[in-house]
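J.: Sequences listed follow chains A and B, in order.
Anchor point for the first sequence: position 364 equals 364 in the numbering used here, and the numbering is continuous, going up by one each time.
Anchor point for the second sequence: position 60 equals 1060 in the numbering used here, and the numbering is continuous, going up by one each time.
For glycine and all other residues, C-beta sits at the position ideal for the given N, C-alpha and C.
I have a structure here, written as structure tokens, and I will follow up with some questions on it.
Number of protein chains: 2
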Amino acid sequence: MITDLQDVLSVNVKGMKRSAIRELLKYLGQPGLISFSGGFPSPATFPIDDLKEIINEVMDTEAAFALQYGATEGDILLRTLLVNRYKSQGLDISIENMIITTASQQALELMAKIFINRGDSIIMGLPSYLGGISAFNSYGAKMIGVPMDEEGEDPNIMEAKIVEEIKANNKPKFIYIIPDFQNPAGITMTEKRRKEIIALAHKYDILILEDSPYRELRYEGEHQKTMYELDGTGQVILLGTFSKIFCPGFRIGWVIGHPDILDKIVVAKQAADLCTPPFTQRIAARYMERGLLDPKIKEIIEMYREKRKVMLESLEEFMPKSFSWTIPEGGLFLMAKGPENLDTNALLLDCIKDAKVAYVAGTSFFCDGTGKNTMRLNFSYETIENNRIGCERMGNFFKQKV
Amino acid sequence: MITDLQDVLSVNVKGMKRSAIRELLKYLGQPGLISFSGGFPSPATFPIDDLKEIINEVMDTEAAFALQYGATEGDILLRTLLVNRYKSQGLDISIENMIITTASQQALELMAKIFINRGDSIIMGLPSYLGGISAFNSYGAKMIGVPMDEEGEDPNIMEAKIVEEIKANNKPKFIYIIPDFQNPAGITMTEKRRKEIIALAHKYDILILEDSPYRELRYEGEHQKTMYELDGTGQVILLGTFSKIFCPGFRIGWVIGHPDILDKIVVAKQAADLCTPPFTQRIAARYMERGLLDPKIKEIIEMYREKRKVMLESLEEFMPKSFSWTIPEGGLFLMAKGPENLDTNALLLDCIKDAKVAYVAGTSFFCDGTGKNTMRLNFSYETIENNRIGCERMGNFFKQKV
């Protein structure tokens, strides 16, 4: 081994932190542990029988294609089916606006790679998705946090922050937004707010990165238009994924955007992994082609709506009165907040050991290091019964701590 | 869309080039085209029936695991089976020395990400693997080429280059070597040469990145020890992949190395794609567990040995006398060389149109831009018959050009 590894590591890796969520996975195998921590879909949603049938058909009819290298842009059939689905939802796009990535995480990484020089600033919510923060951080981005209210990121504070960065000759490279059922806050941005932020993007000539993994999973209220659709000028890049509505183990996501931007992402993806597995892409395409995705999403919505309901009722019943939480209209997460002096990070291992419940300490989601008294709770993975038992155990644990 | 996209792109992406090979894929669908260009395995090697059986079993017994998110380090069963296989081949490693990546390309990308600051130098052969060059280039590496003879990279020139870089206060971050059946040159490094280069690495305290996708596919001669084994101190990082011996469409590779280095790769991989598809990993693990990999490799060797033989004989028969080529002991490629003034890049599209044969122009593999009269030929993908017909057509084409 060389004498001093630290000496030869890149600046990039020195700034990287292990993901708090990925690190938690180590504990998730413990018997009896109830996990509200990951962003895992319920395994009960996996369409095992349909997949078996489809995979056998793929192996019988197109194995030589599915097991071979594929195009960096992604499987043309899958891209076509996804484009048609978005078109039926009102988006004005064509195949040139769509590429496949190795799930959304890769899209976040590639966005960072093609736009971020060390020290470049980007705008994001306080809190915001941890995987986005990791990807941007790994290229040395300066992350500028904007507080959120119940409608989403505050546009006045956002504008002030943008102006401040422009004055410092560091105009933000993009605004990172998860408008629907935000991870971790569970907040959905109103159409008015979406338009205000798009207007800011136009005024200051800045791209918007719209990360939308949960959009299809709405349990109440009305669907909002995507920022991509509301913008209509190609200034928004929209990310989607199968990870929450189909199978995360397939690792399939996609980017919708202006062809000039996709072109750069494709070149970067060539160096990153050549192509997303053609095998899982073709299976997913045949699954969509059979019309199985939409009924599956309906089924998931019914299941998660009930899980969310039980978690909200159980939090009400068991958590100390000094706690509050968001009430998400969809998605997989809500964010709970304890008294000002609570440190959810310091208490996490105790909660896992004593109460056998795991959550994610909220501070990892705040790019400014705040949020120490917050925690993200996932309600999709555990059974309905465990959502209740977990809240009871967690409630009792926190009652002793506050 | 924003006013000037070029203004906001990162320095990284400005230096990236589209992969010559990936771009060629566009032409590969043309009817009648014979492709010696990609590094594709023959689809006849894909174990379709065995896979069908295994996938049905995985779906029946462990679908909830295989379709879910997985550990960033990779499937523990797959890692264990790979470690045991390497141990049976003489490598002294344990599970802590092994992580899974989204094929070797991702390993090359992550190595670049964790070691390369813009302008940092690395050492590589002239020629060297294009995917490595792309990955290193995408982080702004300064690539220092070392000429090769029939034993591999020249150690005296390599030492001179290292000393030169050290004097310029830019000690190379690592030496990139493909010792077995090098892509593109088809050259295998002798044990003596391996030891000389390892001695240089020790003398100057530099890491070696040993990229080894073809090692198992030897058609004649004796297996050489890996540089990882010959070093024995953890100063070599060894990359492996299923892409040439199983299914490239699964996108599974691995890194063997010192745990301190793997630790950094894992943190970088969290941001890059969270995890390699657990679905394809588990299928691959069950395939190995059934003892199917070794007989499959034997079968592939028999097939490719014959393909190589026919290509070598056909080159001899049909190519102009002013051409020469390497005779690889294994792998998928050989490199041909025309007269000094030949420009294979300028002739490529004509060769595709007129002769209906595709190759890869050699210059993309030379980090110093030389090699204009060279070309890489793949002999694994096409049928034996097409290897002969393709050489005949290509030979006639070049006879008109030189």
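I need the DSSP call for residue 245 (chain A), collapsed to helix, strand or coil.
T.: coil
J.: Label residue 1064 (chain B) either buried or exposed according to how many other C-beta atoms from any shown protein chain fall within 10 Å of its C-beta, with 16 as the threshold for buried.
T.: exposed
J.: Contact check, residue 1206 (chain B) vs residue 1172 (chain B) under 8 Å by CB: the rounded distance?
T.: 6 Å
J.: For residue 273 (chain A), which residues of its own chain have a beta-carbon under 8 Å away from its beta-carbon, when the five flanking residues on both sides are left out?
T.: 102 and 106
J.: Exposed or buried, what is residue 1293 (chain B) when buried is set at 16 or more other beta-carbons lying within 10 Å of its beta-carbon?
T.: buried
J.: With residue 1052 (chain B) as the anchor, note down where its alpha helix (DSSP H) starts and where it stops.
T.: 1048-1061
J.: Look at the Cβ atom of residue 382 (chain A), then the Cβ atom of residue 34 (chain A), and state whether they are nearer than 7 Å.
T.: yes
J.: In chain order, which alpha helix (DSSP H) runs of at least 4 residues are fully inside the segment 231-287 of chain A?
T.: 259-273
J.: Check whether the Cβ of residue 1169 (chain B) lies closer than 7 Å to any Cβ atom in chain A.
T.: no
J.: List, from N- to C-terminal side, the alpha helix (DSSP H) runs of 4 residues or more that fit wholly inside the segment 1332-1387 of chain B.
T.: 1344-1350
J.: Residue 1305 (chain B) to residue 1318 (chain B), Cα distance in whole Å?
T.: 20 Å
J.: For residue 399 (chain A), list the residues DSSP reports as bridge partners.
T.: DSSP lists no partner for residue 399 (chain A).
J.: Residues of chain A with a CB under 7 Å from the CB of residue 1264 (chain B): which are they?
T.: 9 and 13
J.: Could you name the residues of the same chain whose beta carbon sits closer than 7 Å to that of residue 219 (chain A), not counting the 5 residues immediately before and after it, in chain order?
T.: If we look at residue 219 (chain A) and ignore the five residues flanking it on each side, its Cβ neighbours are 301, 304, 305, 308, 329 and 330.
J.: Roughly how many whole angstroms lie between the Cα atoms of residue 348 (chain A) and residue 393 (chain A)?
T.: 13 Å
J.: Given a threshold of 16 other Cβ atoms within 10 Å of its Cβ, counted over all protein chains shown, does residue 1368 (chain B) qualify as buried or as exposed?
T.: exposed
J.: Could you work out which residues of chain A lie near residue 1043 (chain B), taking near to mean beta carbons separated by less than 9 Å?
T.: 63, 64, 65, 67 and 68
J.: When you check each C-beta in the segment 216-239 of chain A against every C-beta of chain B, which residues fall closer than 9 Å?
T.: 233, 234 and 235
J.: Looking at C-alpha atoms only, which residue of A:314, A:262 and A:299 is the closest neighbour of residue 114 (chain A)?
T.: A:262
J.: By Cβ distance, which residues of its chain are closer than 8 Å to residue 81 (chain A), with the 5 residues on each side in sequence left out?
T.: Closer than 8 Å at Cβ, skipping near neighbours: 285, 288 and 289.
J.: Between which residues of its own chain and residue 1338 (chain B) is the CB-CB distance below 8 Å, once the five residues before and five after are set aside?
T.: Excluding residues up to 5 positions away in sequence, 1320, 1322, 1323, 1344, 1373, 1374, 1375, 1398 and 1402 lie with their Cβ nearer than 8 Å to the Cβ of residue 1338 (chain B) in the same chain.
J.: Could you have a look at residue 88 (chain A) and say whether DSSP puts it in helix, strand or coil?
T.: DSSP, read as helix, strand or coil, puts residue 88 (chain A) in helix.
J.: When the Cβ atoms of the segment 1226-1238 of chain B are set against those of the segment 47-58 of chain A, are three or more pairs found closer than 8 Å?
T.: no
J.: Report back the beta-carbon spacing between residue 1109 (chain B) and residue 271 (chain A) to the nearest angstrom; my notes put them in contact at under 8 Å.
T.: Rounded, the Cβ-Cβ distance is 6 Å, consistent with contact.
J.: List, in order along the chain, the chain A residues whose C-beta lies closer than 9 Å to that of residue 1085 (chain B)?
T.: Per Cβ cutoff of 9 Å: no residues; residue 1085 (chain B) is ~21 Å from chain A at best.
J.: Closer than 6 Å to a non-hydrogen atom of the ligand FAD - does that hold for the CB of residue 213 (chain A)?
T.: What this structure holds is no ligand at all, so the ligand FAD is not there to describe.
J.: Determine the DSSP secondary structure at residue 214 (chain A), reduced to helix, strand or coil.
T.: coil
J.: Nearest CA to the CA of residue 69 (chain A): which residue from B:1073, B:1078 and B:1039?
T.: That would be B:1039, whose Cα lies nearest to the Cα of residue 69 (chain A).
J.: Using a C-beta cutoff of 7 Å, does residue 1096 (chain B) count as contacting chain A?
T.: no
J.: Measuring CA to CA, which of B:1011, B:1216 and B:1152 is closest to residue 1196 (chain B)?
T.: B:1152
J.: Considering only C-alpha positions, which residue in the set A:226, A:386 and A:282 is nearest to residue 62 (chain A)?
T.: It is A:282 whose Cα lies nearest to the Cα of residue 62 (chain A).
J.: Taking only three categories from DSSP, how would you classify residue 1390 (chain B)?
T.: helix
J.: To which residues of the same chain is residue 251 (chain A) closer than 6 Å at the C-beta, ignoring the five residues directly before and after it?
T.: 102 and 103
J.: Looking at chain A, is there any beta carbon in it that lies within less than 7 Å of the beta carbon of residue 1030 (chain B)?
T.: no
J.: Using a beta-carbon distance cut-off of less than 8 Å, what residues from the segment 1243-1257 of chain B approach chain A?
T.: 1243, 1247, 1248, 1249, 1250 and 1251
J.: Which residues of the segment 184-207 of chain A have a Cβ closer than 8 Å to any Cβ of chain B? Give them in chain order.
T.: 205, 206 and 207
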